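Residue numbers (my numbering): 61 to 949. Okay, so here's the structure we're looking at.
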C-alpha cells in the first residue's frame, strides 16, 4: 500500500508529453491539446524525436534535454519504447507517469521481451509511480490538468471518479457534462500495472478537495490492498462502487457446498459491504447516490414519513418503500392530533400524510414542522404534484429554507415537467436532495439506509464471545500434515470432527469403523439409535450415493446398513471404501438446520458462508457471504441478512434458538481459516441450532493441494495472536498484546483514568470523554497500517497503550505512549515503548518518530534513554524525537 509520489501525479508543477504531436487523430495530439485547453499553468513540454514544434511550442528530443525535471511524464509512444522512457524519466528524477499506450501483450510477443516486467523493474528502481498502461489518462480539473485523450473539458467539482474501463470513462464524461457534474479527479486506471484501486482510493481518501469517491470496478488482483484502502477512506467520506460482471459466465460443479455458493459477485458484494462502502448497479445510480449522500444530513433510524398533496403519488412511494424492505413511520396519537389542528378535515389521517391537492406552501410548512418534531419519524419525503393553486417551484422555494435548518433529513420529489425541474433546482440550491419520481426518491432513501448500516457495521463495538473454549491450531496442524503426507485433499468425517473440537465447536460424537462388524460394536457402545455414513476420499456428497443411513436401532441393522453401503460403493468406478463413521442420532425436533462454511477466493482469500442448511442448501439459496476475521457483531450481521434468521428468532410456540452460539461458531470457523493456510474449504452442514445450543452433525474439510502454491491471504489482516506475550511488571506479570475491537469498554475506562495533564501530554490539548466513533478508531485498527499494544492486568484493565501509525511506504512510524496516571513512574512506559520499537524492527520500519511537549520531561528522558534523538522544541513547545532503525537492520 503506497501513495508515495502520487502528489506528483495529481498535483504536478510541470508535465512532459512523450509522443506529443500535431498529427490529427493521433493520441499524442489529443493529449497535448487537452493539456493546453485545460489551462494547466505549470511547465508543459512536448517531447518527440520527429518534430521540432508542436502547437507552436519547441519540441525536446528526450527527457534529459528538458529545461527542468518534470513532475509528471505522459507517455503516448509505441509500446516497445515505453520501458526505455521510464528508465530515462526515473534516472532524470521524474517520479510519476501516465502511460496511455496500449498493445503491450502483442508488442511483447513480437519483441520476445516482457515489456510490462521491464517497466515495473525500471520504475521500481527509481521510485517512479505510473498510471496505466492502456488508460484514457488522468484529469484534475481544479488544477487545469487534463492529461488524457478524452473529449471535452470536465468542470471542477467535489466528486472523484475512478474507472477501469476506458470506454466507460469517455461515456461518463459526456453524461456528466450534460448534467453539469464536476470532478475533483477523474482517473482511468487502465491495466493498473503499478498504481491501482488501492493506491488511488488511499490518495483520494485524504484529499481535502474530494467529497465522495465513485468507483467503477471490473476486477481486483490484491484484495487486502483494496480492503485496507477502502476501509480507511470510507471512514472519511462516501465510497460508492459499481461492480460489473454480476452474472456468472457459467456454472460449474463444486466439491463443497460453500464453494458452490460463494460466487465471485457475492464475494465482491461482501467485500464492499465490509469496507463500509455502498454498492450500486448503474452509472446514474452512482452519481445519484453520491449526490444524495453528500447532501443528506446524518441521522439515526429508518422510519420515513411521506408528505404529499396527492394520494396516488403517496401510495406509489409507499409501495416502493415497503416492497423493498423499508419502514413507513407509524404516526403517534399526539402527532396525528397536532396535524389535525393545521390540516383540512379530509386529510389522510395517517402516513402517507396526504394534505389534499389544494395544499398551499403554508400548509406544507406547518405539516413539515410537526413531522420534523415527531419522535417516531426519522426522515421526511416531500412529494408534490403541480396544481393551479401552488406550483412546484413555489412550494420548493418556500420549503427549502425550513428544510435546510432541520436536523432530520428532508428530501423532495417533484412531479411533472419543466416546473418539476425548477423545483428540483430550488432544492439543490439549498443543498437539499431532490428527485423527479417517487421510485427514484425511495430508492435513494433505501440506499442511504444500506450505506448507514455499512458505516455502523464498520465501527460497531462487538461483545465478547459467549464461550471460552480454547482454540488449538497446533493439534489441527498435526491432522492436516498427516493427510497431506498421505496425499489426501479431504479429511475423513472423524478427522473433520476433531478439527471442530480443537476450535471449540460442538459436534455430535463420531467414531470410525473399518468393517460392518466394528461399526455394529461401536454403535452399541455409543447407544442407539445411530447414523451410519460412508468414509471415502473419493465421494464428495455422501447422501448422493446412498452413503448415509439414519435411525439405526440395533447392531444387526447397523451391520446390514454397512453392507449395503459397501455394495453401493463397489458399483462406483471412481470410489473406494475407506470405512464407516458411526454417530449418535440426535432428537432435537425444534432445531433449525444451518450451514456454516468457508472457502478460498482467488482475490479475497478465505470467505465465510452462512445460511439455511440441509441437503437442499443450493436449491433453497438462503445464504450470505462474509469476510474473515469475524467478531460477534459481524457474525450477527451475517445472520440477520438471511431469511433463516426469522426461524432462529422463534415462531408459533417454537422457542428462539441460541443465536449467540451460532455467532460463536461463525467466529471460530473464521479464526480457523485465518490460522490454517492448509485448509482450502470447510463445510458444517447441518449445524443444528435450538434453544439448547448448537451442534454440528456433519463436517467436511478440504485441504489445499501441495502443488497449488500459497493460499491467497485474508483480505483483512487478522488479529495477530502471535504478538501476545506475558511480561514481568511490579510484583507480578501483565499481558502485552495488540488491541482488539472488543477492548472499547476497557479503553473508555482507561481514558477516564487519565489525569488532565496526561491527556494534554498525549493529545496536546484538553478533550472531554471521547465519543464511540473516536474510541472505535482507537480500538478497531487495521493491523496492516498501524499497531497498538496494550498492557492488561489480571482483572482485564488496560494499564497503558503504545501505538504507531505507518507512513504510506511503511518505512516511517509515528508513535504515542500513555499509561494510567496512578501507575506512572513504575516503568510501564518503558516496557510499552520498547515493545513498540521491537515490533518496528521486526516489520522493517526504518525510522520511529514522536511529538513530545517540552514540559513532558518523563517522556523526553525515556526517549533519550532508548536512543531517540531529541530535536529542539519548535515555536509551539513541541520536540520531535527520532529513532533511526535503518543502521540496526
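Where a beta carbon is used, it is the ideal one built from N, C-alpha and C, also for glycine. Nothing here was measured: the structure is a model prediction, and the numbers come from that model.
Query, Result
"Residue burial classification, residue 557 (beta-carbon count within 10 angstroms, cutoff 16)", "buried"
"Endpoints, beta strand (DSSP E) assigned at residue 563", "Premise fails: residue 563 is in no beta strand (DSSP E) and is neither H nor E."
"Under 9 Å between C-beta atoms of residue 204 and residue 99", "yes"
"Cα-Cα separation, residue 850 to residue 806", "11 Å"
"Whole-number beta carbon distance between residue 75 and residue 95, since they are thought to touch under 8 Å", "6 Å"
"Same chain only: Cβ atoms within 6 Å of residue 698, ignoring 5 sequence neighbours per side", "670, 684 and 686"
"Residues bridged to residue 285 (per DSSP)", "DSSP output for residue 285 lists no bridge partner at all."
"Alpha-carbon spacing of residue 169 relative to residue 874, whole angstroms", "47 Å"
"Straight-line Cα distance separating residue 946 from residue 872", "10 Å"
"Sequence-distant residues of the same chain with beta carbon closer than 6 Å to residue 721, five excluded per side", "753 and 754"
"In DSSP terms, what residue 505 is bridged to", "According to DSSP, residue 505 bridges with nothing at all."
"Residue closest to residue 885, alpha-carbon to alpha-carbon, out of 594, 917 and 154", "917"
"Exposed unless 16 or more other CB atoms sit within 10 angstroms - verdict on residue 219", "buried"
"Straight-line gap, residue 877 to residue 922 (C-alpha atoms, nearest Å)", "11 Å"
"Closest by C-alpha distance to residue 692, when choosing among 816, 728 and 678", "728"
"Closest by C-alpha distance to residue 882, when choosing among 183, 814 and 596", "814"
"Own chain partners of residue 630 with C-beta closer than 8 Å, once the 5 adjacent residues on each side are dropped", "637"
"Through-space distance from residue 802 to residue 845, alpha-carbon basis", "19 Å"
"Extent of the continuous alpha helix (DSSP H) to which residue 195 belongs", "Run containing residue 195: none; DSSP gives neither H nor E here."
"Helix, strand or coil at residue 643 according to DSSP, with G and I counted as helix", "strand"
"Counted within 10 angstroms of its Cβ, other Cβ atoms place residue 404 as buried (16 or more) or exposed", "exposed"
"Complete runs of the beta strand (DSSP E) confined to the stretch 648-690 [at least 3 residues]", "652-661, 665-672 and 683-686"
"Local conformation of residue 224 per DSSP, three classes", "coil"
"In DSSP terms, what residue 48 is bridged to", "In the structure as shown, the chain begins at 61 and stops at 949. Residue 48 is therefore absent and cannot be evaluated."
"Status (buried if at least 16 other CB within 10 Å, exposed otherwise) for residue 465", "exposed"
"Identity of the residue in 120, 176, 739 and 362 nearest residue 538 by Cα", "739"
"Distance between beta carbons of residue 82 and residue 115, contact taken as under 8 Å", "7 Å"
"Stretch pair the stretch 366-377 + the stretch 346-357: three plus CB contacts closer than 8 Å", "no"
"Under the three-state DSSP convention, the category residue 313 falls into", "Note on residue 313: pLDDT 44, under 50, position unreliable in the model; the coordinate value appears next. It is coil, neither helix nor strand."
"Sequence-distant residues of the same chain with beta carbon closer than 7 Å to residue 645, five excluded per side", "589, 590, 591, 610 and 611"
"Residue environment, residue 382, which counts as buried when at least 16 other CB atoms sit within 10 Å", "exposed"
"Three-pair Cβ contact test at 8 Å for the stretch 470-481 versus the stretch 323-337", "no"
"Option nearest residue 224 by Cα separation, candidates 266, 154, 179 and 301", "301"
"Distance, residue 343 Cα to residue 232 Cα", "8 Å"
"Residue 65 - DSSP class collapsed to helix/strand/coil", "coil"
"Residue ranges of each beta strand (DSSP E) within the stretch 110-138, 3 or longer", "132-135"
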